[in-house]
DNA sequence: CAGACTTTGCTAAATATTGCACAAAGTGTC
DNA sequence: GACACTTTGTGCAATATTTAGCAAAGTCTG
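Residue numbers (my numbering), protein chains in the order written: chain A, -5 to 205; chain B, -5 to 205.
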């Protein structure tokens, strides 16, 4: 059974919320409460949660810990993914420092850059290689996922080198350049520019509709 | 006429692409070419572009410069938005350094943080205030948009202070915490964690379906 | 333990979004 | 200028996603 992307996205958010609720005082939570906290309709929450069998109790709600484990199981990986971070500039460093990067689901095995100040160094205990070594290092470390945080103009070149490792399975890109990938390689992009433009666009539209 | 969010998102991407094509050699481009470069179906491209009147020529395609201006007009703002960046940590600095922030559509008028090393300083020529001053500074500078780049635990507190300025109209959040806003304030979030989790989830699913 | 609530799981309807297919329009060649 | 292409714009069908509504199940109160 295939799960739709928006559903997965919400499951991730429920999971995150439940983790923070585990330290709270109530051991039970209703779809309404979850929905209100995340800005999602309660019926949507129920539909998402009932996707994998009945887990809530009518008249009561969902048991926080149980539900959390339940979602954890759905989202869980059978293995720890090996990841490479390409581009150790401001953004790359910000990512590395981010708590997200202390996950049990993946491990950043190698860094890549072109800056001679960084290449050869250990940064936050991870070795930084020259981007030209990426195919070899990826093969040696079985790296299947690349996080791309380089300037737009270099994105495609870097990706092409990563592709030549033949181990690449997924890319999370932070650059705004469109990149061409062999089909079969999953691609997700975090596009700051697009989000900001969208915000400004709909702000404009809203003001226009008022006046 | 209301434009759907996915459409706006694609328009932004077309615009970005067209800008880079303006320096290229061909002055004309087809919906097929645009689609291939961005991973979008040609029919979708045509539908998006014809939303605002006929602008292409059958048998030829779209005139790059003309199309670019056309989209620019759709996306254009009647004013330059005043923006505050809340949180001048790694991520905030990365954003400031990003080329996205040299836009003619908005201007970062003020920075906010709690770190005594930063408060009172000018960072990249913009003054950094203590977060407690945000309501006053926002009012004085007519700041309507806040970019939130603080640790999750501080997100709500910061936003509450920004709300009390009464000038807040939109938020672009980089924190993973859900925040409660008065309705009427637009909210967009860039959620690194969610994107990464989605990537890993669908990678897992894909491998599971193969084996 | 009856009656008033609450809340789930699910089905069906409503919306939103994408993709197809084709006529009409433009280009190029001989 | 006839014929073979290419490519747009668009109506309609197909998919995807969200929302509403409700019976059934569980809780609480007196």
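Glycine included, each C-beta is placed from N, C-alpha and C at the ideal position.
Beta-carbon within less than 7 Å of residue i's beta-carbon, same chain only, minus the 5 sequence neighbours each way: which residues are those?
i, result
"residue 179/B", "162, 163, 164 and 165"
"residue 152/B", "80, 125, 142 and 144"
"residue 28/B", "8, 11 and 39"
"residue 54/B", "22"
"residue 35/A", "29"
"residue 135/B", "76, 103 and 104"
"residue 115/A", "122"
"residue -1/B", "none"
"residue 95/B", "89 and 102"
"residue 108/B", "124 and 125"
"residue 62/B", "9, 12, 13 and 16"
Assuming residue i contacts residue j under a Cβ cut-off of 8 Å, what Cβ separation, rounded to an integer in Å, is found between them?
i, j, result
"residue 167/B", "residue 181/B", "7 Å"
"residue 30/B", "residue 1/B", "With 8 Å as the limit, residue 30/B and residue 1/B do not qualify as a contact, their Cβ atoms being about 19 Å apart."
"residue 77/B", "residue 103/B", "7 Å"
"residue 194/B", "residue 71/A", "6 Å"
"residue 60/B", "residue 49/B", "7 Å"
"residue 13/B", "residue 45/B", "Wrong, their Cβ atoms sit about 20 Å apart, outside the cutoff."
Verify whether the separation of the beta carbon atoms of residue i and residue j is less than 7 Å.
i, j, result
"residue 171/B", "residue 146/B", "yes"
"residue 6/A", "residue 191/B", "yes"
"residue 80/A", "residue 139/A", "no"
"residue 188/A", "residue 3/B", "yes"
"residue 113/A", "residue 122/A", "yes"
"residue 85/A", "residue 88/B", "yes"
"residue 156/A", "residue 128/A", "yes"
"residue -5/B", "residue 58/B", "no"
To which residues of the same chain is residue i closer than 6 Å at the C-beta, ignoring the five residues directly before and after it?
i, result
"residue 118/B", "90"
"residue 176/B", "none"
"residue 160/B", "none"
"residue 56/A", "23 and 50"
Let me check you understand the geometry: is the CB of residue i closer than 6 Å to at least one non-hydrogen atom of the ligand ZN?
i, result
"residue 185/A", "In the structure shown, the ligand ZN is absent, as is every other ligand, since no ligand is present at all."
Per DSSP, which residues does residue i bridge with? Please list them.
i, result
"residue 107/B", "124/B"
"residue 173/A", "Answer is none; residue 173/A lacks a bridge partner."
"residue 100/B", "75/B"
"residue 141/B", "79/B and 166/B"
"residue 117/A", "120/A"
"residue 57/A", "22/A"
"residue 195/B", "In the DSSP output, where bridge partners are listed per residue, residue 195/B has none listed."
"residue 51/A", "55/A"
"residue 181/B", "165/B"
Which same chain residues end up closer than 8 Å to residue i when comparing Cβ atoms and leaving out the 5 residues on each side of it in sequence?
i, result
"residue 101/A", "74, 75, 76 and 77"
"residue 66/A", "9"
"residue 98/B", "74"
"residue 202/A", "none"
"residue 133/B", "159, 160 and 161"
"residue 20/B", "58"
Quiz item: Listed in chain order, which residues of the region 159 to 177 of chain B have Cβ atoms closer than 7 Å to some Cβ of chain A?
Solution: 163, 164, 166, 170 and 172
Quiz item: What are the residues of the region 4 to 28 of chain A that lie near chain B, defined by any Cβ-Cβ distance shorter than 9 Å?
Solution: 5, 6, 7, 9, 10, 11 and 14
Practice problem: Identify each residue in the region 74 to 91 of chain A for which the Cβ-Cβ distance to at least one residue of chain B is less than 8 Å, and report them in chain order. | Solution: 75, 83, 84, 85, 87, 88, 89 and 91
Quiz item: Between the region 180 to 196 of chain B and chain A, which residues of the former have a C-beta closer than 9 Å to a C-beta of the latter?
Solution: 180, 181, 182, 183, 184, 185, 186, 187, 188, 189, 190, 191, 192, 193, 194, 195 and 196
Quiz item: Between the region 100 to 111 of chain A and chain B, which residues of the former have CB atoms less than 9 Å from a CB of the latter, in chain order?
Solution: 100
Practice problem: Output, in sequence order along the chain, the residues in the region 107 to 139 of chain B whose CB is closer than 9 Å to any CB in chain A. | Solution: 138 and 139
Quiz prompt | Within 8 Å of chain B by C-beta, residues of the region 25 to 59 of chain A in sequence order | solution = 31, 32 and 33
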